[in-house]
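Engineer:
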Amino acid sequence: MDKLVIDASVVIASLLRDEPYRAAALNVLTQFISEALELVTVPLMRYEVTNAVWKAFQLGRVSLEDALEALKEFEAFNIPEVGVSSIEILRLAHAYHRSAYDAAYLALAKAEQAPLITADRRLYNALHGKFPLLLWVEDFKGK
């Protein structure tokens, strides 16, 4: 079974109907739910997803009911969370000029030797060709 490190951008894209990469993100999560794919993430993701859903509500993109439903769906995914070394996060943040938040996902991908799948265009554009374990959400085909 293939394993991926998933970042919050992919989960957010799967939860919010107006996200541009929703179909590709849903493909990833559907394969995880059907046990055709193994996913892991950092504990930080739960807060990033919650904040994105909160912001979507504040901006009027979703109703409160839809926001709550999205978070219930997220919690039902039950994506395993794996902690990573703060020292490694700092090293990677420095090496790639990224936030510690982004570097946490990079550190997990490095530790797991598994691709980091993202729907964050800025992250992908900044690291494509530099961080070898980076995968754009639309490039994932799965099984």
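No gaps in the numbering here: position 44 of the sequence shown is 45 in our numbering, and each next residue is one more.
We put the CB at the ideal spot given by N, CA and C, even for glycine.
1. Here's a check: name, in chain order, each residue in its chain whose Cβ is nearer than 7 Å to the Cβ of A94, leaving out the five neighbours to either side.
2. Taking A68 as the reference, give the member of K142, F58 and A77 with the closest Cα.
3. I need the boundaries of the beta strand (DSSP E) containing K4, first residue and last residue.
4. I think I118 touches I7, with their Cβ atoms under 8 Å apart; what is that distance to the nearest whole Å?
5. Excluding the five sequence neighbours on either side, which residues of its own chain have a C-beta within less than 8 Å of the C-beta of E113, listed in chain order?
6. Using 8 Å as the cut-off, can you tell me whether the stretch 114-134 makes contact with the stretch 72-83, which would need three or more C-beta pairs spanning the two stretches below that distance?
7. Grouping DSSP H, G and I as helix and E and B as strand, with all else coil, what is E74?
8. Between the Cα of Y97 and the Cα atoms of M46, W55, E36 and R123, which residue gives the shortest distance?
9. Measure how close the beta-carbons of S10 and R23 come, nearest whole angstrom, since I'm counting them as under 8 Å.
10. Starting from T31, trace the beta strand (DSSP E) both ways and give me its first and last residue.
11. Could you check the C-alpha separation between I88 and A25 for me, to the nearest Å?
Structural biologist: The short version:
1. Working through the sequence shown from its first residue, we reach residue 94 at position 93. Within the same chain, Cβ atoms closer than 7 Å to the Cβ of A94 are found at S100, A101 and A104, the five residues on either side in sequence being excluded.
2. Counting from one through the sequence shown, the residue named residue 68 turns up at place 67. Nearest in C-alpha terms to A68, of all of K142, F58 and A77, is F58.
3. As a working mapping, residue 4 is identified with position 3 in the sequence shown. D3 to I7 is the span of the beta strand (DSSP E), which, as asked, contains K4.
4. For the purposes of this step, residue 118 is taken as the residue at position 117 of the sequence shown. For the purposes of this step, residue 7 is taken as the residue at position 6 of the sequence shown. Right, their Cβ atoms sit about 5 Å apart.
5. Taking the sequence shown and counting its residues from 1, the one referred to as residue 113 is at position 112. The beta carbon of E113 sits closer than 8 Å to the beta carbons of K4, V6, V41 and V83 from its chain, once the five residues preceding and following it are set aside; these are given in chain order.
6. Look at the beta carbons and you see the stretch 114-134 not touching the stretch 72-83: under three pairs across the two are nearer than 8 Å.
7. Translated into positions along the sequence shown, residue 74 becomes position 73. Here E74 carries a helix assignment [DSSP, helix/strand/coil].
8. Stepping through the sequence shown from its first residue, residue 97 is reached at position 96. Of the candidates M46, W55, E36 and R123, R123 places its Cα closest to the Cα of Y97.
9. As a working mapping, residue 10 is identified with position 9 in the sequence shown. As a working mapping, residue 23 is identified with position 22 in the sequence shown. So it is not a contact: roughly 12 Å between Cβ atoms.
10. What you label residue 31 is simply residue 30 of the sequence shown in a count that begins at 1. No beta strand (DSSP E) holds T31; the alpha helix (DSSP H) holding it covers R23 to I34.
11. Against the sequence shown, residue 88 aligns to sequence position 87. Against the sequence shown, residue 25 aligns to sequence position 24. One C-alpha to the other measures close to 33 Å.
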